[in-house]
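All the letters of the sequence shown, read from the start, carry residue numbers -5 to 432 under the working numbering.
Just below is one structure, and these are the notes that go with it.
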Amino acid sequence: MSGYFDHIDPIKFEGAESENDLAFKYYDAKKKVMGKTMEDHLRVAACYWHTFCWDGFDVFGGGTFNRPWHGGQNDQAAAEAKLDAAFDFFDRLGQPFFCFHDVDIMAAAETPKEHVESLAKIIDKVEAKIEKHGTKLLWGTANNFSHPRYMAGAATNPNPDVAAFAALQVRECMNATHRLGGSGYVLWGGREGYDTILNTNVGQEMEQLGRFLTMAVEHKHKIGFKGDIWIEPKPHEPTKHQYDRDVGTVYGFLKQYGLENEVGVNIEPNHATLAGNSFEHEVEMANAFGIFGSIDFNRGDPQNGWDTDQFPNDLRETTTAMYYILKGGGFKNGGSNFDAKVRRQSNDAADLFHGHIGGMDLLARALMNAAAMIEKDRLQAFKDERYAGWRSGLGAKMLSGEASLDEVADHALSENTSPAPVSGRQEMLENYITNAVK
Ligand code: XLS
Ligand code: NI
Ligand code: NI
């Protein structure tokens, strides 16, 4: 539906002094940071679901946004109107990527046959849009959690016919992602968990999920999709317990099914905090396990206990996380998807731009801060010094597996060592971050 964004001029970089609310102050796509453009470092994506599908409803009331492409039936005409509006928005914002769920972009479908037909119909149009406008697909995913058929899970459903429907959605959506040139495929297990242990066979459900994921990986190789598959951890919501609760849990799960070299993670800050973790903890765990993939940038609310999916605005947190992202080698196939939504009262077209502009400026600042931290890497220098003992002598022997418990224990005894506690210097290190946040 062209017209909705007509009053918004393309968003330009105007610099920190600009007073234009609809301009970038820091996100300067072609600016080089550590030898690479901001655009290539950050690989920013807008998400279809919050930005174009959600109409502002909440559990207490209906939609508030009145977007012209909502309102009627969710049919092919509506899907095409939404697609026009989405690419019009992308043209004006100028971010290089977008992400979608199958059901976000297509006309509503009930049966498996309808699903396949409806998705195929819109994918032709999406392909043409990508070619014409140049906004690329970062990742695709199948929505295997909204339809009532998935109320007891998709892969983990007690009924294998439901898992088969989910498999159909994953196959079709992965094929579409491949065809559209996406660089990732995400599986967020919205209802792959349980509400009460009393009706749930936990061991069997995890086995089902492991098999399902293995089939998805096999399919990726079968069709020659060269992108990555990522699981998106989340501890709960909508179900009480989810099997993919955080990065550490996902890694254990991947190991259990021999998929740790096949599947990575898409980390979302609001999910990290719901799990009682910090965002940077999740990034660093993924780096440590070698499964870092992509980020769904957003933020939670410190007082609310749910996934508020707000646009991120905490520069300290984002700088810290960006430091660890860069230290881990940065994004390869992944990127910075804004899995974030404007508030229900932010019902103008302009609000969608304010949310994304704020997020992109924040990432740009975090990137520059993190790059400056790395240039003179005092955190790294401190850690190198702190762990120096493990690089030679006894420490190196322990790490390499050369030493037995007897040998190490006898070393302590024979040397009669009495190591002095050394300061962890937390305040000093926190000052480094405070001073790096610009
Ligand atoms: C929900 C998730 C979801 C995934 C994609 O909490 O963040 O939006 O990113 O299914
Ligand atoms: Ni997400
Ligand atoms: Ni989320």
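For every residue, glycine included, the Cβ atom is placed at its ideal position computed from N, Cα and C.
Nothing here was measured: the structure is a model prediction, and the numbers come from that model.
Range of the contiguous alpha helix (DSSP H) that encloses residue i
i      : result
Val156 : Pro154 to Arg173
Tyr245 : Val241 to Gln250
Lys115 : Pro106 to His127
Lys391 : Gly387 to Ser394
Thr267 : Pro263 to Leu268
Lys228 : No alpha helix (DSSP H) contains Lys228, which DSSP labels as neither H nor E.
Thr313 : Leu309 to Lys321
Ala80  : Gln70 to Leu87
Leu131 : That residue, Leu131, is in no alpha helix (DSSP H); its beta strand (DSSP E) goes Lys130 to Thr135.
Ser408 : Leu399 to Glu409
Phe286 : Per DSSP, Phe286 belongs to no alpha helix (DSSP H); it is in the beta strand (DSSP E), Phe286 to Phe291.
Asn281 : Phe273 to Phe283
Asn327 : Careful: Asn327 lies outside any alpha helix (DSSP H) and carries neither H nor E.
Cβ shell of residue i (< 6 Å), same chain only, five flanking positions each side left out
i      : result
Leu181 : Ile225
Gly204 : Tyr251
Ala360 : Thr312, Thr313 and Met316
Glu199 : Thr150
Phe206 : Ala149
Ala210 : Val164
Phe283 : Tyr245
Test item: CB-CB of residue i and residue j under 8 Å
i      : j      : result
Asp96  : Asn137 : yes
Thr233 : Tyr188 : yes
Asn298 : Ala39  : no
His230 : Leu268 : yes
Gly246 : Asn307 : no
Arg338 : Gly50  : yes
Tyr42  : Phe92  : yes
Asn271 : Asp240 : yes
Ile223 : Glu256 : yes
Gly258 : Gly287 : yes
Ile285 : Glu262 : no
Which listed residue (the options) has its alpha carbon closest to that of residue i
i      : options                           : result
Lys242 : Ala266, Met362 and Glu231         : It is worth fixing the name first, because residue 242 is Gly in this sequence and not Lys. Out of Ala266, Met362 and Glu231, Ala266 has the C-alpha closest to the C-alpha of Gly242.
Ala72  : Ala210, Gly218, Ser112 and Arg338 : Ser112
His172 : Gly204, Arg185 and Leu131         : Leu131
Leu16  : Gln89, Ala344, Ser386 and Ala382  : Ala344
Arg143 : Lys249, Phe84 and Val156          : Val156
Phe291 : Leu253, Phe84, Arg37 and Ala102   : Arg37
Lys370 : Ile427, Ala315 and Ser140         : Ile427
Met422 : Leu373, Lys391, Gly383 and Ala414 : Leu373
Val496 : Leu393, Lys377 and Ala358         : Since the first residue of the chain shown is -5 and the last is 432, residue 496 is not available in this structure.
Phe377 : Arg165, Pro413, Gln420 and Asn260 : Looking at the sequence itself, residue 377 is Lys, so the reference to Phe does not match. The candidate whose alpha carbon is nearest that of Lys377 is Gln420.
Pro90  : Gly176, Glu108 and Tyr237         : Gly176
Ala366 : Glu401, Ser408, Asp34 and Leu320  : Leu320
Arg380 : Pro415, Val402, Leu393 and Trp133 : Pro415
His274 : His235, Gln236, Pro296 and Gly322 : The sequence given here places Glu at residue 274; His does not occur at that position. Cα-wise, what sits closest to Glu274 is Gly322.
Gly128 : Leu174, Thr190, Glu201 and Gly328 : Leu174
Gly329 : Gly55, Leu407 and His35           : His35
Contacting residues, own chain, Cβ-Cβ under 8 Å from residue i (five flanking each side not counted)
i      : result
Arg86  : Phe(-1), Ile2, Asp3, Pro4, Ile5 and Phe347
Gly62  : It is worth fixing the name first, because residue 62 is Pro in this sequence and not Gly. Closer than 8 Å at the Cβ level, and outside the excluded window around Pro62, lie Met(-5), Gly(-3), Tyr(-2), Ala75 and Ala79.
Met145 : Arg185
Ile217 : Met168, Asn169 and His172
Asn341 : Gly50, Thr58, Phe59 and Asn60
Thr194 : Tyr188
Ala10  : Lys19 and Tyr20
Alpha-carbon to alpha-carbon, residue j and residue i
i      : j      : result
Glu278 : Gln70  : 43 Å
Ala103 : Gly395 : 57 Å
His213 : Ala161 : 10 Å
Asn429 : Val120 : 45 Å
Ala101 : Lys123 : 17 Å
Asp355 : His405 : 54 Å
Cys47  : Thr31  : 31 Å
Asp238 : Glu276 : 13 Å
Tyr21  : Arg310 : 17 Å
Pro413 : Glu424 : 26 Å
Lys107 : His141 : 16 Å
Lys24  : Met362 : 13 Å
Leu388 : Asp400 : 13 Å
Neighbourhood of residue i by C-beta, 7 Å cutoff - its chain only, sequence neighbours within 5 removed
i      : result
Asn264 : Asn292, Arg293, Gly294, Asp301, Thr302 and Asp303
Asn14  : Glu8
Lys326 : none
Gly349 : Phe305, Ala334 and Val336
Leu393 : Trp384
Contact test: residue i Cβ vs ligand 4 heavy atom, cutoff 7 Å
i      : result
Asn425 : Within the structure as shown, ligand 4 is missing, the only ligands being ligand 1, ligand 2 and ligand 3.
Boundaries (first-last residue) of the beta strand (DSSP E) holding residue i
i      : result
Ala210 : Run containing Ala210: none in the beta strand (DSSP E); it sits in the alpha helix (DSSP H), Val196 to Ile217.
His95  : Phe91 to His95
Tyr179 : Gly178 to Leu181
Ala40  : Val38 to Cys41
Any C-beta of chain D under 8 Å from that of residue i
i      : result
Trp133 : The chain labelled as chain D is not found in the depicted structure, where only one protein chain is given.
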